[in-house]
Every structure is written in C-alpha cells, then in structure tokens.
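Worksheet for the structure shown next.
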Amino acid sequence: MFNKIKEALKKTSEKFINTLTEVVTGKAVLDEDKIEMLETIMLQSDFGAEITDSMIDTIRKDMKSEKIRDVETLVLTAKGVLKDSLITDRNKAFEGENLPHVILIVGVNGVGKTTTLGKLANKMISEGKKVLIVAGDTFRAAANEQLEIWAKRSGAVIFSNYSKDPASVIFDALEKTKTEKFDYVLIDTAGRLHNKKNLMEELAKVKNVIKKQIPSAPHDILLIIDANNGQNALRQAEEFNSLLDLTGFIVTKLDGTARGGIIFNICSRYKIPIKYIGVGEGTDDLLKFNQEEFIDSFFEEILKK
Ligand SMILES: Nc1nc2c(ncn2[C@@H]2O[C@H](COP(=O)(O)OP(=O)(O)O)[C@@H](O)[C@H]2O)c(=O)[nH]1
Ligand SMILES: [Mg+2]
Numbered sequence: 014m015f016n017k018i019k020e021a022l023k024k025t026s027e028k029f030i031n032t033l034t035e036v037v038t039g040k041a042v043l044d045e046d047k048i049e050m051l052e053t054i055m056l057q058s059d060f061g062a063e064i065t066d067s068m069i070d071t072i073r074k075d076m077k078s079e080k081i082r083d084v085e086t087l088v089l090t091a092k093g094v095l096k097d098s099l100i101t102d103r104n105k106a107f108e109g110e111n112l113p114h115v116i117l118i119v120g121v122n123g124v125g126k127t128t129t130l131g132k133l134a135n136k137m138i139s140e141g142k143k144v145l146i147v148a149g150d151t152f153r154a155a156a157n158e159q160l161e162i163w164a165k166r167s168g169a170v171i172f173s174n175y176s177k178d179p180a181s182v183i184f185d186a187l188e189k190t191k192t193e194k195f196d197y198v199l200i201d202t203a204g205r206l207h208n209k210k211n212l213m214e215e216l217a218k219v220k221n222v223i224k225k226q227i228p229s230a231p232h233d234i235l236l237i238i239d240a241n242n243g244q245n246a247l248r249q250a251e252e253f254n255s256l257l258d259l260t261g262f263i264v265t266k267l268d269g270t271a272r273g274g275i276i277f278n279i280c281s282r283y284k285i286p287i288k289y290i291g292v293g294e295g296t297d298d299l300l301k302f303n304q305e306e307f308i309d310s311f312f313e314e315i316l317k318k
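End of the sequence shown sits at 318 in this note's numbering; the numbers just go up one at a time, nothing left out.
What follows is the structure in structure tokens.
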C-alpha cells in the first residue's frame, strides 16, 4: 500500500524533493535561486499560493533561528508545513451508527465517480458488509452497463430504473432499504458541470429526497476530484460544497500526475477531509487516505539519500 502511494506520488514528489534538498547548501546557507525554484515547482504541482508561501516563509524563519541545520532538519520543517495544511475541522466518521450509511457520490464528468463507487463497494463487501448500489445516473445507457459490471464484480445489489428521473429512482431505492437491510447505500450520479445551474439544482433535490426517506441521510456527500484538473478542481469544490455541504473528497488519478499538490491545496482551503485516493483503474486502486502515511511516502525518497 505504501509503495502504491509512493509510486503514484513520484512525479509530484521527485522535483519537489530534488529542489528541496538543494535549498540548504554547504554550511546551511539558504540558496535563494533554489528557494525561487521550489516556489515555482510547488505552484506547478498545484500546492496553491497559500501553502507555497507558508512553506517558503517557514523555511526562511527556521533557517534564521537555526532550527534548520541540514537536510534532515529541513525535511522536518517541510513535513510540518504540509501536515498543518491537512488539518480539517469537519471529520465526520465514515462508519455511521445509523445504518444504512448512505453515501452520495457527486462530481463533474469523467472524474471517476462510477469507478470509485465500484471500488468502494468492493472494499465494503470484502469487509463483510451488505451494499446497495443505486444507479442515479439515468442519462446515459453506458453508465448503466458500467455500474452493472461493477455490481457483479463486487457482489453488491444494484437498484436501477432508467425510465425514471434520478430523484425518483433514489427515492424508490431507499424505500427498498427499509425492508431489506443494507449496511451501505452507494448512490451514483450523472456528471455535471458545477456552473450548470439546473443540473446542480437537481442535486439539491436529490439530497432532499434522500432526507425524506431517511432523515439522517445522506451520511456522506463525497465530491470526486480528478487530480489533473488543477485550478478547475478548486472551482468544482467551491460550487459543490456551497450547494451540498460536502463531508469529504476523493481525489482520483493520482497515478502518473505531477499535480499531486492538489491534495494539500483543497484540504487546506476547505478544511474538509480527503477520505480516499484513487491510484489506478483496478479494483484495489483505492486507498484510504491517511495523512501521516501520505506525507511519509512523499518524503521517503529524500530520507533514503
Ligand atoms: N488512472 C486512473 N484512472 C482512473 C481512476 N479513477 C477512474 N479512472 C478512469 O477514469 C475514467 C472515467 O471514470 P468514470 O468512473 O466513468 O467517471 P465518471 O464519469 O465520473 O463516472 C475511466 O476510464 C476510469 O477507469 C484512477 O484513480 N486512476
Ligand atoms: Mg459515471
């Protein structure tokens, strides 16, 4: 698991770490050119201006107070800054006492909603849970097949009705959970652009319909974000969060991107936790997000040097 994160982060961490190690040269003298380079690299990797500024300021301050003396102490400072950026104030437990735990999956087109839902179902079933998948994307026929494949693969029960609108399908699906006991209900939705008002309003309606059936639900509303979406991902987070009050993010396609800084950026901006990360297309390529592990993986290469 550790290796998978490390592999996925490689493109983001490599440049960052190479430059970081060069920031302190010789007898702990700050190399100004390298500091500038570090700044550029962090911005290119989507860490965002706030974390980048904080990184540069903290390094300067810790150099001055001689807290940074060599590469090892520099890494401690850098780790501290990244850890601080991941502190969230909204950490609703993923496992709810109010079973079934209803999870609504939202996001723009192609970010990996259906795939992530499939991987989640798989994970839950392997833990012995009973899972209902609800096909809330009633717009595309292909979405139907894709979800059915995932349901079959994982052994989850699927609820669909492609002649109805999403809100009615979801309403009926939750009715079913009242007679058949499920641990988790995973609701897939159609991709929508965060700036398309009517489609966004439909999501608000979906949330209300869920509440009508189970007042404490949805227990989680997770926004799926593609790590490659850069600044646009931040806009998506903004719009979806203001409409739905998100409980968490899942960042997908971290494998092979050099823009993994987005993890720190969105988390620090919204103070909403990242629950999982997607590191590939396979069933097992969804990892529970663990701050410590993530940061350790990020810095592992440097510490081996
Ligand atoms: N490399 C990679 N591909 C992913 C990941 N998650 C999803 N995908 C791919 O992204 C594409 C779109 O996924 P899909 O689930 O259909 O997106 P949706 O439109 O949001 O439902 C598919 O080809 C997935 O296999 C990931 O973590 N890594
Ligand atoms: Mg989909």
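Yeah, the Cβ is synthetic: ideal placement off N, Cα and C, and Gly gets one too.
- PHE311 and LEU22 do touch by the CB rule: their CB atoms are close to 6 Å apart, below 8 Å.
- Sequence-distant partners of GLY93 (beyond 5 residues in either direction) whose C-beta falls short of 8 Å from its own C-beta, in its chain, are THR71.
- In this structure, the beta-carbon distance from PHE195 to LYS143 falls below 7 Å.
- Residue nearest to LEU257 within the set GLY131, ILE146, ILE118 and LEU56 is ILE118 (criterion: CA-CA distance).
- In terms of side-chain proximity, the C-beta atom of GLU252 is found no nearer than 6 Å to any non-hydrogen atom of ligand 1.
- Your pair ASN208 and GLU252 checks out as a contact, with CB atoms roughly 7 Å apart and the cut at 8 Å.
- Residues of the same chain with a CB within less than 7 Å of the CB of GLU52, apart from the 5 flanking positions on each side, are THR65 and ILE69 in chain order.
- In this structure, PHE302 places its C-beta atom within 7 Å of the C-beta atom of LYS288.
- ALA134 is a Cβ neighbour of LEU199, given a cutoff of 7 Å.
- By the Cβ-count criterion, ASP97 is exposed, with fewer than 16 other Cβ atoms from all chains shown falling within 10 Å of its own Cβ.
- Cβ neighbours of VAL182 within its own chain (closer than 8 Å, five residues either side excluded): VAL147, ALA148, GLY149, THR151, PHE172, SER173 and ASN174.
- The secondary-structure analysis by DSSP pairs TYR175 with nothing; it has no beta-bridge partner.
- In this structure, the C-beta of VAL264 stays at least 6 Å away from each heavy atom of ligand 1.
- At least one heavy atom of ligand 2 falls within 6 Å of the beta-carbon of LYS126.
- Under the three-state reduction of DSSP, ASP66 is assigned to helix.
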